[in-house]
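Residue numbers (my numbering), protein chains in the order written: chain V, 690 to 802; chain A, 678 to 790.
Here you go:
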């Protein structure tokens with residue numbers, strides 16, 4: 690299975706600032722996704738990161754708040770912009786290829802103070 | 678209706694005993710996949726086991742097995758010979774034909790020495 694490296698693993702940020710999370714995969718993958726997991730909750734899909742074009746956002750998530758880049762088939766970034774305490778969550782990147790499994794990065798535990 | 682239902686918010690098991698974590702699903706697709714993930718306190722999502730809707734045999738991976746009852750739409754995870762390191766959140770997930778992914782609300786498992 691592919692190896693996924695997600696950075697940073699955790700961060701504490703001031704409100705009003707932005708944080709960019711990186712997801713690097715050791716092989717080319719067709720699909721990459723970004724999820725948010727609020728404290729004590731399940732995972733919620735933020736968006737599908739599309740290679741070479743704008744990401745596809747789920748209802749309730751907008752590009753201005755969560756800009757996503759995917760310059761190639763092995764790398765993506767998610768930025769959490771103008772952060773507030775409500776953005777404190779675990780953010781996870783996920784990969785899926787035409788096979789069956791779906792794998793996740795190690796997660797980024799974000800605390801906004 | 679919920680796509681994935683996990684009715685056990687918390688479970689306790691004695692070390693070395695077996696435990697079953699419940700998961701029911703709802704789909705009208707004929708082709709779908711069922712997954713279980715483990716999330717320790719570090720936040721990463723660890724893939725455990727996969728069952729395809731057309732697989733006739735129950736999936737097994739080491740101490741993990743998936744009790745797949747298609748007619749009842751259930752996909753329970755069985756962990757045999759529990760270890761202290763099994764203490765974590767466990768999420769059941771489903772992928773439908775359209776490649777939509779759904780997660781349950783999770784079950785917190787605590788292994789007691």
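Note that beta-carbon positions come from the ideal geometry of N, C-alpha and C, so glycine has one too. Here the structure is a predicted model, which is why all the values come from computation and not from measurement.
Each residue's CA atom was taken as its position, placing residue 752 of chain A and residue 742 of chain A some 10 Å apart. Residue-level contact check: residue 720 of chain A touches chain V, since one or more beta carbons of chain V fall below 8 Å from its beta carbon. Restricting attention to beta strand (DSSP E) runs no shorter than 3 residues, the region 722-764 of chain V encloses them at 733-738 and 757-761, ordered along the chain. In the three-state reduction of the DSSP assignment, residue 738 of chain A falls in the strand class.
With respect to chain V, the C-beta atom of residue 772 of chain A has a partner C-beta closer than 8 Å. Interface flag for residue 795 of chain V against chain A is set, since a Cβ pair is found closer than 8 Å. The contact set of residue 684 of chain A on chain V, defined by CB atoms closer than 8 Å, is empty, because the minimum CB distance reaches about 14 Å. Chain V has a Cβ within less than 8 Å of the Cβ of residue 781 of chain A. Using a Cβ distance threshold of 8 Å, residue 740 of chain A and residue 758 of chain A count as a contacting pair. Residue 762 of chain A sits in a helix when the DSSP states are folded into three classes. With respect to the C-alpha of residue 680 of chain A, the residue from A/778, A/788, A/790 and A/789 having the closest C-alpha is A/778. Fewer than three Cβ pairs drawn from the region 687-701 of chain A and the region 737-750 of chain V lie within less than 8 Å of each other, which leaves the two stretches out of contact. Around residue 761 of chain A, the same chain offers 692, 788 and 790 as residues with beta carbons nearer than 8 Å, after the five sequence neighbours per side are excluded. In summary, residue 802 of chain V is exposed, with fewer than 16 beta-carbon neighbours lying within 10 Å of its beta-carbon over all protein chains present.
Identification of chain A residues near residue 738 of chain V by a Cβ-Cβ cut-off of 8 Å yields none; the smallest Cβ-Cβ distance measures about 14 Å. Put simply, the backbone Cα of residue 786 of chain V is about 32 Å away from that of residue 771 of chain V. Taking one beta carbon from each stretch, the region 696-712 of chain V and the region 728-738 of chain A have fewer than 3 pairs nearer than 8 Å; the two do not touch.
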